[in-house]
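>
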Amino acid sequence: MFAMMPLGMLTGLVLSFIAGIWLGAMEAMVPIMVSGELSGMVVGMICAMDVLSFRQAALLGAASGLAGILLVWLANGMLRGISRETGIG
Amino acid sequence: MADADTRAKWDRIAPHFDFMAGRGAEARWKPFKQQLFSHMEGRILFLALGTGLDIATFPPGRDITAIDISPRMLEQARPRIEAYPGTIRTECIDVHAMPFAPDHFDQIYTSCTFCSVPRPVEGLRALHRVLKPGGGLFMFEHTGSRYYPFRYMLNAMTLLTERAGPAMNRRTVDNVRAAGFKILEVNNIFLDVVKTVTAFKAPV
Ligand SMILES: C[S@@+](CC[C@H](N)C(=O)[O-])C[C@H]1O[C@@H](n2cnc3c(N)ncnc32)[C@H](O)[C@@H]1O
Chain L
1 MFAMMPLGML
11 TGLVLSFIAG
21 IWLGAMEAMV
31 PIMVSGELSG
41 MVVGMICAMD
51 VLSFRQAALL
61 GAASGLAGIL
71 LVWLANGMLR
81 GISRETGIG
Chain F
1001 MADADTRAKW
1011 DRIAPHFDFM
1021 AGRGAEARWK
1031 PFKQQLFSHM
1041 EGRILFLALG
1051 TGLDIATFPP
1061 GRDITAIDIS
1071 PRMLEQARPR
1081 IEAYPGTIRT
1091 ECIDVHAMPF
1101 APDHFDQIYT
1111 SCTFCSVPRP
1121 VEGLRALHRV
1131 LKPGGGLFMF
1141 EHTGSRYYPF
1151 RYMLNAMTLL
1161 TERAGPAMNR
1171 RTVDNVRAAG
1181 FKILEVNNIF
1191 LDVVKTVTAF
1201 KAPV
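As given, the protein sequences belong to chains L and F, one line each in that order.
Mapping the first sequence onto my numbering, position 62 (from 1) lands on 62, and the numbers just tick up by one.
Mapping the second sequence onto my numbering, position 60 (from 1) lands on 1060, and the numbers just tick up by one.
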């Protein structure tokens, strides 16, 4: 499981650089990496406990990848926006 | 990293920079840059013009001094500079060694700059020196994140990206404060990673 997480993230990193060119740097890179990491973690974890067919692993990976993108979208909704300071201090 | 290395790095990237940065990122960020640059007034310093991708978002008719450390980036910017309906004077200089007099500029603008300047707090202090008291610093920047898992990812990305180009994990808002500016507003555009920062130099 712990090997799959960085592997997923690394795959996400490579894909995200390519996607970033057309879809916008950070807005593509970050969600793709998160989805790579999450699918790596989930597939790695389940594989360690049970035998998975390729199709099952691919489906599980895709589902957790989508969940990763959703997570970034939700986080973006929370973090976006303006914060003002007094300019003092 | 020595400044000669920084220059060499950006000179190497110059021919490919528009391919990497001129499509998706520019399209996504254009309205935010336009909004930020719409404040341009008076004597303006633009730090790190690069290949001039930002010029399309400048309001017309301004008088801008634009600097960059890389002569090849500025070379690529030439057609965009010529097409701008105003004045853009370029100088190939390092932000750490600007020859301008203290308190010279009314406003300073940066765009994806402090991911690339190797000594950001020193670079920002140099900007502080040449900005008039009460003058504004307007930045469009991407930074690191304060939150898991984004923070670790951007740190990991930086191991790769910093060799060839920008760092992804800078703490630019903290750096702006550390350089002596007063922050007025931070506008997070994507997560807490892509943002605009408005700050000023305290009046005397
Ligand atoms: C990511 S590019 C951004 C260029 C442009 N503002 C844009 O958004 O398309 C960073 C730029 O910072 C410049 N740069 C890096 N270190 C610098 C320094 N110490 N002094 C001046 N410019 C520097 C590089 O040459 C490069 O053009």
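Built from N, CA and C at the ideal position, the CB exists for glycine as well.
All values reported here derive from a predicted model rather than from experimental measurement.
Helix, strand or coil for V30/L, going by three-state DSSP, please let me know.
V30/L falls in the helix class under three-state DSSP.
> Can you have a look at V30/L and say buried or exposed, based on whether 16 or more other CB atoms are within 10 angstroms of its CB?
Burial call: buried.
> Expressed to the nearest angstrom, what Euclidean distance is found between the alpha-carbon atoms of R1072/F and D1011/F?
Rounded to the nearest angstrom, the two C-alpha atoms are 5 Å apart.
> Is there a C-beta anywhere in chain F that falls below 8 Å from the one on I18/L?
Chain F contact via Cβ: absent.
> Flag V34/L as yes if its beta-carbon sits less than 8 Å from any beta-carbon of chain F, otherwise no.
By this cut-off, V34/L is an interface position.
> Taking any Cβ of chain L, which residues in the region 1125-1149 of chain F have a Cβ under 8 Å from it, in chain order?
Per Cβ criterion, the list reads H1142, Y1147 and P1149.
> Tell me whether P1120/F, by its Cβ, gets closer than 7 Å to a heavy atom of ligand 1.
For ligand 1, not one heavy atom lies less than 7 Å from the Cβ of P1120/F.
> Quick one: is R1028/F near chain L, going by C-beta distance under 8 Å?
Judged by the 8 Å Cβ criterion, R1028/F is in contact with chain L.
> So is the beta-carbon of D1094/F under 7 Å away from any non-hydrogen atom of ligand 1?
Yes; taking the cut-off as 7 Å, the Cβ of D1094/F has a heavy atom of ligand 1 nearer than that.
> For A1167/F, which residues of its own chain have a beta-carbon under 6 Å away from its beta-carbon, when the five flanking residues on both sides are left out?
Once the five neighbours on either side are set aside, the close Cβ partners of A1167/F are C1115 and T1158.
> Going by C-alpha distance, which of L1127/F, P1015/F, G1050/F and D1018/F is nearest I1044/F?
Looking at the Cα atoms, L1127/F is the closest of the given residues.
> How is the beta strand (DSSP E) around V1194/F delimited, first residue to last?
First-last of the beta strand (DSSP E) with V1194/F: V1194 to F1200.
> Identify the residues that DSSP records as bridge partners of G81/L: which are they?
The partner list for G81/L (beta bridge, DSSP) reads N1188/F.
> Mind checking whether I1064/F and L1047/F have CB atoms under 8 Å apart?
Not in contact: I1064/F and L1047/F (Cβ atoms no closer than 8 Å).
> Buried or exposed, going by whether 16 or more other CB atoms sit within 10 Å of the CB of D1005/F?
Answer is exposed; the Cβ neighbour count stays below 16.
> Using a C-beta cutoff of 8 Å, does G1024/F count as contacting chain L?
Yes, G1024/F lies at the interface with chain L (some Cβ there is under 8 Å from its Cβ).
> Can you give the Cα-Cα distance for E1162/F and N1169/F, rounded to whole angstroms?
Answer to the nearest angstrom: the Cα atoms are 10 Å apart.
> Rounding to the nearest angstrom, what Cα-Cα distance links Q56/L and I32/L in this structure?
Distance between the alpha carbons of Q56/L and I32/L: 21 Å.
> How about F1190/F: is its C-beta nearer than 8 Å to some C-beta of chain L?
True, the Cβ-Cβ gap to chain L drops below 8 Å.
> Report back the beta-carbon spacing between D1192/F and Y1147/F to the nearest angstrom; my notes put them in contact at under 8 Å.
Between Y1147/F and D1192/F the Cβ distance is about 7 Å, and since that is below 8 Å, they are a contact.
> Along chain F, in chain order, which residues have C-beta atoms closer than 9 Å to that of G81/L?
Correct list: N1187 and N1188.
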